[in-house]
Amino acid sequence: MKYSKLIFFLALILSSYKSYCQTNAPVEMADTLRSNGKIYTVVIGLVVILTGVVLFLLRVDKKVRDLGKK
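This is the structure in structure tokens:
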């Protein structure tokens, strides 16, 4: 038990070390989409997809609730 906490702590420290190794390079694709105005198309697409997923989950939840009442 004592060693498992130590191993967990070391793994936590070492995993955060990797984030310091990353560079702060700009994301070219996002900058290009933003400059062309196409980022709004991507955002609208994501909103439509997420709305569809939420509506689907609500519909399935309603069906499961109805089956649970029977």
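Numbering (mature numbering (1 follows the signal peptide of the UniProt record, and there is no 0)) for the sequence shown: -21 to -1, 1 to 49.
C-beta atoms are modelled at their ideal positions from N, C-alpha and C, and glycine is treated no differently.
Rounded C-alpha distance that separates residue i from residue j
i: Gly31; j: Arg13; result: 25 Å
i: Val39; j: Ile(-9); result: 42 Å
i: Lys49; j: Leu36; result: 20 Å
i: Leu(-16); j: Ser(-6); result: 16 Å
i: Ile28; j: Leu34; result: 10 Å
i: Leu(-12); j: Asp10; result: 37 Å
i: Gly24; j: Leu46; result: 33 Å
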